[in-house]
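Some notes on the structure that comes next.
Numbering (my numbering), first residue to last: 274 to 726.
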């Protein structure tokens with residue numbers, strides 16, 4: 274049950290007071306964004322008024338935490354000049370994300386916001402926005418702590434203190450060593466610098482060995498996830514094609530990428546758009562879902578048509594109607610297992626073009642193993658249940674055929690969709706269910722017509 278409006282407003286007032294009293298550590302933009310979202314669902318006017326009351330820096334951070342549908346209301350409530358002032362307080366990665374979100378709502382307003390920024394900031398953000406959503410550069414933050422290779426540790430640490438005091442840097446975990454051409458030479462954890470004297474040069478540290486792992490700005494975002502997981506890095510440096518240091522991708526963005534990709538796969542497997550589900554309009558949500566439900570209806574009619582071909586067979590032997598759902602259900606579940614594993618491996622980049630054949634064969638072998646096992650079980654059950662040995666043989670044979678099909682098509686369908694440059698998660702489950710239903714019903718009823726009647 275949602276909290277009463279007065280309680281929500283009181284909670285927000287308390288958060289604002291803490292921030293204004295200098296207790297910034299007690300306030301997190303995410304918490305305020307959650308309170309505002311609750312208030313928004315009850316009283317949109319009050320939500321915008323309280324959002325406007327937030328101190329400028331906090332207000333900007335809260336805007337980033339709010340979901341994209343809220344940004345349409347934001348650009349109606351704030352002028353481009355006000356949004357530009359807020360954007361100017363954010364780190365470059367968050368500022369670029371906010372501009373992109375506004376651009377999706379109204380390109381004209383986004384352009385006006387950019388024009389109201391200082392020239393240097395505008396140039397930086399335009400560069401970041403130019404990257405595709407699937408490229409590492411789109412998530413890059415240009416604020417970082419770097420040191421020249423011919424510099425001493427003491428000099429760089431003093432510079433870091435000045436940057437931190439001016440609040441130009443936060444969440445600093447690494448020092449990135451570069452040459453005078455900004456070529457990236459390696460990263461060193463700050464904790465390692467504590468153990469060294471101020472007179473030690475970075476050239477000495479680089480000679481002893483440093484972490485040289487980085488991504489290019491044009492690399493696919495899955496590269497970021499792979500590097501973060503494989504090398505246990507919570508911050509990943511970004512370089513250009515010449516190896517020059519451009520920025521860094523911080524842990525919060527890495528987590529967001531992992532979550533967005535996983536969430537998107539789950540939504541798409543169900544034939545639901547994660548973007549549409551966040552929209553206000555029930556009509557838009559319903560239309561998006563209706564597309565796949567319509568496809569599912571057509572495929573369900575196709576499966577029913579197969580059953581209709583054998584209506585005389587079913588009427589003459591009622592036991593077939595009792596056992597039919599078992600064959601279809603087992604095939605559907607086995608196919609879903611294969612489909613889920615295959616799509617996950619594809620999303621993680623574990624399946625390349627040369628691995629497709631091996632993937633299909635592996636899933637077929639697994640499906641056949643389970644098919645033979647459960648065919649024996651259901652064959653015996655059907656024999657005892659209806660006292661018909663041949664009925665047990667029919668359903669056992671049908672079980673093997675359907676589970677074979679489930680394994681084969683569960684691996685093949687997403688691979689084919691990927692080759693056709695279609696998201697392998699979108700609609701795969703609908704297509705696979707059609708195959709397992711039709712094959713299951715046709716094999717079971719067809720064999721029954723040939724053997725039992």
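Glycine included, C-beta positions come from ideal geometry on N, C-alpha and C.
Secondary structure at residue 393, three-state DSSP: helix, strand or coil?
In the structure shown, residue 393 sits in a helix (DSSP, three-state: H, G or I).
Quick check on DSSP: helix, strand or coil for residue 356?
DSSP places residue 356 in helix when its eight states are reduced to three.
Since residue 339 and residue 306 should fall inside the 8 Å C-beta cutoff, what is the C-beta to C-beta distance between them, to a whole number of angstroms?
Right, the Cβ-Cβ distance comes to about 5 Å (below 8 Å), so this counts as a contact.
Tell me the DSSP secondary structure of residue 660 in three-state form.
DSSP places residue 660 in coil when its eight states are reduced to three.
Quick check: does the Cβ of residue 590 come within less than 7 Å of any heavy atom belonging to the ligand ATP?
Ligands are entirely absent from the displayed structure, and the ligand ATP is therefore not among its contents.
With a threshold of 8 Å between beta carbons, is residue 677 in contact with chain D?
The structure shown contains no chain D, having only a single protein chain.
Per DSSP, which one or two residues make a beta bridge with residue 408?
According to DSSP, which records beta bridges pairwise, residue 408 is partnered with 493.
How long is the line joining the alpha carbons of residue 376 and residue 506, rounded to whole angstroms?
Looking at the two C-alpha atoms, the distance is approximately 32 Å.
If you measure between the beta carbons of residue 597 and residue 490, is that distance less than 8 Å?
No, Cβ-Cβ distance for residue 597 and residue 490 is not below 8 Å.
Pull up the distance between the alpha-carbon of residue 530 and that of residue 704, whole angstroms please.
Between residue 530 and residue 704, the C-alpha separation is close to 28 Å.
Can at least three beta-carbon pairs, one atom from the region 434 to 442 and one from the region 460 to 473, be found at a separation below 8 Å?
Not touching, per the Cβ criterion.
Closest by CA to residue 501, which one among 484, 517, 514 and 515?
Selected option, being the one with the closest Cα: 484.
Mind checking who residue 518 pairs with in its DSSP beta bridge?
For residue 518, which the question treats as bridged, DSSP gives the partners 512.
Nearest to residue 449 by alpha carbon, out of 421, 427 and 396?
Of the candidates 421, 427 and 396, the one whose C-alpha sits nearest the C-alpha of residue 449 is 421.
Look at residue 410 and residue 511 and say whether their C-beta atoms are less than 8 Å apart.
Against a cut-off of 8 Å, the Cβ pair of residue 511 and residue 410 comes out as a contact.
First and last residue of the alpha helix (DSSP H) that includes residue 448?
Looking at the DSSP string, residue 448 is not in any alpha helix (DSSP H); the run it does join, the beta strand (DSSP E), is 447 to 451.
Along the alpha helix (DSSP H) that carries residue 282, what are the first and last residues, could you check?
Note, residue 282: alpha helix (DSSP H), 278 to 293.
If residue 327 and residue 289 are in contact, beta carbons under 8 Å, what's the gap, nearest whole angstrom?
Going by Cβ atoms, the distance from residue 327 to residue 289 rounds to 6 Å, so yes, they are a contact pair.
Which same chain residues end up closer than 8 Å to residue 718 when comparing Cβ atoms and leaving out the 5 residues on each side of it in sequence?
So the qualifying residues of the chain are 579, 580, 582, 583, 586, 587, 593 and 597.
For a quick check, are the C-beta atoms of residue 323 and residue 356 less than 8 Å apart?
Not a contact, by the Cβ cut-off of 8 Å.
Taking residue 669 as the reference, give the member of 711, 716, 690 and 708 with the closest Cα.
Comparing Cα positions, the closest option is 716.
Buried or exposed: which applies to residue 353, given that a residue is buried once 16 or more other Cβ atoms fall within 10 Å of its Cβ?
Burial call: buried.
Report yes or no: do the region 393 to 402 and the region 418 to 432 share at least 3 C-beta pairs separated by less than 8 Å?
Result no; under three Cβ-Cβ pairs closer than 8 Å.
Residue range of the alpha helix (DSSP H) that residue 702 falls in?
From DSSP, the alpha helix (DSSP H) with residue 702 extends over 701 to 724.
Which residue marks the beginning of the beta strand (DSSP E) containing residue 462, and which one marks its end?
It spans 457 to 462 - the beta strand (DSSP E) in which residue 462 sits, taken as one unbroken run.
Output the distance between the C-alpha atoms of residue 336 and residue 360, rounded to the nearest integer angstrom.
About 10 Å.
Does the Cβ-Cβ distance between residue 676 and residue 643 come in under 8 Å?
Yes, Cβ-Cβ distance for residue 676 and residue 643 is below 8 Å.
CA-CA distance, residue 415 and residue 308?
Approximately 31 Å between the Cα atoms of the pair.
Quick one, are the C-beta atoms of residue 672 and residue 603 less than 8 Å apart?
Contact: yes.
Flag this pair as yes or no: are the beta carbons of residue 402 and residue 369 separated by less than 8 Å?
Yes, the Cβ-Cβ distance between residue 402 and residue 369 is below 8 Å.
Measure from the alpha carbon of residue 504 to the alpha carbon of each residue in 460, 514, 367 and 313, then state which is nearest.
Nearest of 460, 514, 367 and 313 to residue 504, Cα basis: 460.
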